[in-house]
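A.B. asks: Residue numbers (the numbering used here): 15 to 251. What follows is a single structure, and I will ask about it in a moment.
Take a look at the structure:
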């Protein structure tokens, strides 16, 4: 490894320890409370949310404007990551603007931010994947994006599970579903919703909604950026 790769290898190992650590007591209590709340929500509501997120993600994953992205060839890892960091900054600012605008508009616009933010996140992952040299036209590379998404926005318990799967990605890829319909959409939407739930509820509050929305979206993209970089570092180093 060169000097740059030696530095980020240390960063990668520190991140891996964080992904693999056992859930703390606070993590377990929070997850238990969220599970109870989910149990109070009617099954029809769960089904509606699941279908909505499933359709949104499928539309984004198979949209021609995203699958046309070509992988970056013949670039050093340092150069790739310089470009990735530029993308992270761009998407953080864009998502913050979206959160501020919809947060200032009350409940209806606050709810509208969910598909906007989700679309930005998936588009960001497409860009990052291509910058690391992976061909997002490959269906299973697109599935890898969903695993990164889960890793970034899940409870620590779920994060442990997903981390173990992407560590052995070469073995895992052979077991992946033939299509997205067999993906665990219910678990996907529940983990994602639970992770961002408090921030999004505060975004609906008048007056403070704009500030909360901007900050929450900025932090969520920052979290996704760190996760994506390390998930691809695992495959490049």
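No residue lacks a Cβ here, since even glycine has one placed at the ideal position from N, Cα and C. Nothing here was measured: the structure is a model prediction, and the numbers come from that model.
#1: Short of 6 Å in beta carbon distance, which residues of its chain neighbour residue 83, apart from the five on each side in sequence? Order them along the chain.
#2: Please determine, among 181, 68, 96 and 200, the residue with the shortest C-alpha to C-alpha distance to residue 136.
#3: For residue 187, which of 131, 27, 230 and 158 has the nearest alpha-carbon?
#4: Using only the alpha-carbon positions, how far apart do residue 202 and residue 164 sit?
#5: With a Cβ-Cβ cutoff of 9 Å, do residue 174 and residue 35 count as a contact?
#6: Compute the beta-carbon to beta-carbon distance between residue 37 and residue 237, rounded to the nearest angstrom, for a pair I have assumed lies under 8 Å.
#7: So, helix, strand or coil for residue 148, using DSSP?
#8: Please identify the residue among 132, 249, 92 and 168 whose C-alpha is closest to the C-alpha of residue 106.
#9: Are the beta-carbon atoms of residue 102 and residue 138 separated by less than 9 Å?
#10: State the CB to CB distance for the pair residue 241 and residue 166, rounded to an integer number of angstroms; the pair is presumed to be in contact (CB under 8 Å).
#11: Taking only three categories from DSSP, how would you classify residue 169?
#12: What are the start and end residues of the alpha helix (DSSP H) that includes residue 184?
#13: What number of angstroms, rounded off, separates the C-alpha of residue 104 from the C-alpha of residue 98?
#14: Looking only at C-alpha atoms, which of 235, 177, 152 and 246 sits nearest to residue 76?
#15: Taking just the CA atoms, how far does residue 235 sit from residue 94?
#16: Kindly list the residues whose CB is nearer than 6 Å to the CB of residue 205, restricted to its own chain and excluding five residues on each side of it in sequence; keep chain order.
#17: Using DSSP with H/G/I as helix, E/B as strand and the rest coil, what is residue 138?
#18: Answer yes or no: do residue 249 and residue 146 have a C-beta to C-beta separation smaller than 9 Å?
#19: So residue 32 is in the alpha helix (DSSP H); what residue range does that whole segment cover?
C.D. replies: So, to answer that:
#1: Only 140, 144 and 150 meet the Cβ criterion.
#2: Of 181, 68, 96 and 200, the residue nearest in Cα terms is 68.
#3: For the residues 131, 27, 230 and 158, the minimum Cα distance to residue 187 belongs to 158.
#4: CA-to-CA, the gap between residue 202 and residue 164 works out to about 7 Å.
#5: Contact check for residue 174 against residue 35 passes: the beta carbons are separated by less than 9 Å.
#6: So it is not a contact: roughly 17 Å between Cβ atoms.
#7: In this structure, residue 148 counts as coil in the three-state DSSP scheme.
#8: Cα-wise, what sits closest to residue 106 is 132.
#9: A contact, by the Cβ cut-off of 9 Å.
#10: 4 Å between Cβ atoms; contact.
#11: The answer is coil: DSSP assigns residue 169 none of H, G, I, E or B.
#12: Element bounds for residue 184: 183-186.
#13: Between the C-alpha atoms of residue 104 and residue 98 there is a straight-line separation of about 10 Å.
#14: Among 235, 177, 152 and 246, the Cα nearest to that of residue 76 is on 152.
#15: Taken atom to atom, the span from the alpha-carbon of residue 94 to that of residue 235 is near 19 Å.
#16: Taking residue 205 as the centre and dropping the five residues before and after it, the same chain places the C-beta of 168 and 172 closer than 6 Å to its C-beta, in chain order.
#17: Reduced to three states, the DSSP call for residue 138 is helix.
#18: Contact: yes.
#19: From DSSP, the alpha helix (DSSP H) with residue 32 extends over 17-34.
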